[in-house]
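Undergrad:
Residue numbers (the numbering used here): 228 to 595.
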């Protein structure tokens, strides 16, 4: 059941049709995504351990991990497909072993430690080279227009009540947007309907929601392997006019550390905030490798109507009840919250009994 149907089921279950009205859908998205995270922490799912894989470039010391709950084991796979398990170090021991990591020889990583970064860097320079083609929309080229988007008279205009994207894969003529690199993004918004919003995305990293008209500047570290710039907005549709889009690579000082990925900001001082969990590798990779992480991860957030997760597909009723529980807590209705939690606990108990039965099969020959 995709996210669009989950919203309908939520209204049918709670009677809160006001939450699907224009301007309120962000509240419903908050309840559903917060409820999903709560279920992830509370429930025993059939897939207890999951696998997360991503490429690691030569010289990349830190690898961001999204939605991490638990890291059990980490493997590294080289270009020939040979796989080896990395040895886990706590941060202090890792620091002692790799005290001068930048001066040491690169090679195949053999060690890792979990690194929780909460630091920030100061943007000190912005490149001259533009990563966006036709950012002034002088011609109707280079951009891929979703339903409702049109380019004419030097602007990009979104009309209609549907959700869709305006996107461009960079690198055709200008410099491509690179995974793990910081960028200064600027664009002008007019004609934004009250209650709607628009936001920019570089690869997989979202910028801030813009709910007013104006010219906006923000610094974003691109994430993901697709070098794209994307604009989208409210899930229930939005209307907006977009102009003067610029994306330029930036450099910044960060206490001598190398930037990995993640995060956005719009502070007046243009401080680039990094806030993510990552893995530090030692020694520094000498070529491209594939990192394979075995652990537990939160389900991805649902945004678009066709988004789906474990909970939307396998247990949609539980997800709706969890969203209702979060809603009651938010509005400080403790009695209503207790009712929803009791219902969820009973339902989860049945699921957990199924899990136990599965584990017993083959041990005591339990059948049926």
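Built from N, CA and C at the ideal position, the CB exists for glycine as well.
I need the boundaries of the alpha helix (DSSP H) containing residue 231, first residue and last residue.
TA: Its alpha helix (DSSP H) spans residues 230-241.
Undergrad: For a test of the three-state rule: what should DSSP assign to residue 362, helix, strand or coil?
TA: The answer is coil: DSSP assigns residue 362 none of H, G, I, E or B.
Undergrad: Who are the near neighbours of residue 236 in its chain, counting only those whose CB is closer than 7 Å to its CB and skipping five residues on each side?
TA: The answer, listed in chain order, is 543 and 547.
Undergrad: Here's the rule I'm using: 16 or more other beta-carbon atoms within 10 Å means buried, otherwise exposed. How should residue 411 be labelled?
TA: It counts as buried.
Undergrad: How many Å lie between residue 398 and residue 404 at the Cα?
TA: Between residue 398 and residue 404, the C-alpha separation is close to 7 Å.
Undergrad: Note down, in chain order, each residue of its chain lying with its Cβ closer than 6 Å to the Cβ of residue 244, except the 5 sequence neighbours on either side.
TA: Excluding positions up to five away in sequence, the list reads 238.
Undergrad: Tell me, please, whether the CB atom of residue 368 is closer than 8 Å to any CB atom in chain D?
TA: Structure shown: chain D not included; a single protein chain is present.
Undergrad: What number of angstroms, rounded off, separates the C-alpha of residue 536 from the C-alpha of residue 232?
TA: Taking the straight line joining both Cα atoms gives about 13 Å.
Undergrad: Per DSSP, residue 281 forms a beta bridge with which residues?
TA: DSSP lists 518 as partners of residue 281.
Undergrad: For residue 305, which three-state DSSP category applies?
TA: If DSSP states are grouped into helix, strand and coil, residue 305 belongs with coil.
Undergrad: Measure the alpha-carbon distance for residue 374 versus residue 385 and round it to whole angstroms.
TA: When rounded, the distance between both Cα atoms is 8 Å.
Undergrad: The beta strand (DSSP E) spanning residue 442 covers which residue range?
TA: Start and end: 441-448.
Undergrad: Which partner residues of residue 523 appear in the DSSP bridge assignment?
TA: Per DSSP, 297.
Undergrad: Do residue 456 and residue 394 have their C-beta atoms within less than 8 Å of each other?
TA: It is a contact, given that the beta carbons lie within the stated cut-off.
Undergrad: Please report the straight-line C-alpha distance between residue 560 and residue 440, rounded to a whole angstrom.
TA: Roughly 36 Å separates the two Cα atoms.
Undergrad: Do residue 361 and residue 368 have their C-beta atoms closer together than 8 Å?
TA: The answer is yes: Cβ separation under 8 Å.
Undergrad: Terminal residues of the continuous beta strand (DSSP E) containing residue 557?
TA: Looking at the DSSP string, residue 557 is not in any beta strand (DSSP E); the run it does join, the alpha helix (DSSP H), is 543-557.
Undergrad: Taking the continuous beta strand (DSSP E) assigned at residue 424, which residues delimit it?
TA: No beta strand (DSSP E) contains residue 424, which DSSP labels as neither H nor E.
Undergrad: Is it buried or exposed, residue 596, if we count other Cβ atoms within 10 angstroms and call 16 or more buried?
TA: The structure shown does not extend to residue 596, since the chain is modelled only from 228 through 595, so no value can be given for it.
Undergrad: Drop a sphere of 10 angstroms on the beta-carbon of residue 230, count the other beta-carbons inside from all chains shown, and report buried for 16 or more, exposed for fewer.
TA: It is buried - the Cβ of residue 230 has at least 16 other Cβ atoms within 10 Å.
Undergrad: Can you grab the Cα-Cα spacing for the pair residue 558 / residue 269, in whole Å?
TA: C-alpha separation (whole angstroms): 21 Å.
Undergrad: Out of 275, 466, 475 and 573, point me to the one whose CA is closest to residue 417's CA.
TA: Minimum Cα distance to residue 417 is reached at 466.
Undergrad: Quick one, which of 298, 383 and 555 has its alpha-carbon nearest residue 189's?
TA: In the structure as shown, the chain begins at 228 and stops at 595. Residue 189 is therefore absent and cannot be evaluated.
Undergrad: Is the segment 299-318 close to the segment 525-534, with three or more CB pairs under 8 Å?
TA: No, they do not touch.
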